[in-house]
Amino acid sequence: GDLVVNLKEFTTDMDLRDEHMKEKYLEVNKSGFDKAVLKIDQKLEMVGFPSSGAWEPKSLKGLLTLHGVTKEVPLNPKISIKDSGATGTVSF
Numbered sequence: 002g003d004l005v006v007n008l009k010e011f012t013t014d015m016d017l018r019d020e021h022m023k024e025k026y027l028e029v030n031k032s033g034f035d036k037a038v039l040k041i042d043q044k045l046e047m048v049g050f051p052s053s054g055a056w057e058p059k060s061l062k063g064l065l066t067l068h069g070v071t072k073e074v075p076l077n078p079k080i081s082i083k084d085s086g087a088t089g090t091v092s093f
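Take the position in the sequence shown, starting the count at 1, then add 1; the result is the number in the working numbering.
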């Protein structure tokens, strides 16, 4: 699957930092730079995605596209699956 983040709406709770980050570094007003996309590079059934309980695979990878550049990144998810729903975090 893909996770898409609208960088124009991304905030850090500091207005001046947000302005500099979006305008100077990420250039969100340029065509194609307004989104970051994280694409999971493996099929979840291949890395043991459970039907319930905790899921913290160590070898999951993804493709991150940010500012027009795509790079492979290691993913470190901590997911809890319960009652046909999932919550958690992913760091990379």
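All C-beta atoms in this analysis are idealised placements derived from N, C-alpha and C, irrespective of residue type, glycine included.
Here the structure is a predicted model, which means the values were calculated and not measured.
query	result
Beta-carbon proximity list for Val29, same chain, < 6 Å, skipping 5 on both sides	Leu8, Lys9, Lys23, Asp35
Rounded straight-line distance, which links the Cα of Phe11 to that of Lys79	22 Å
Alpha carbon of Thr13 to alpha carbon of Glu20, nearest angstrom	10 Å
C-alpha gap between Pro58 and Thr88, whole angstroms	15 Å
Outcome for Gly63 when other beta-carbon atoms lying within 10 angstroms are tallied against a minimum of 16	buried
Simplified DSSP assignment, three categories, for Glu20	helix
Under 8 Å between C-beta atoms of Ser60 and Ile82	no
Residue from Gly69, Pro75, Ala37 with nearest C-alpha to Leu4	Ala37
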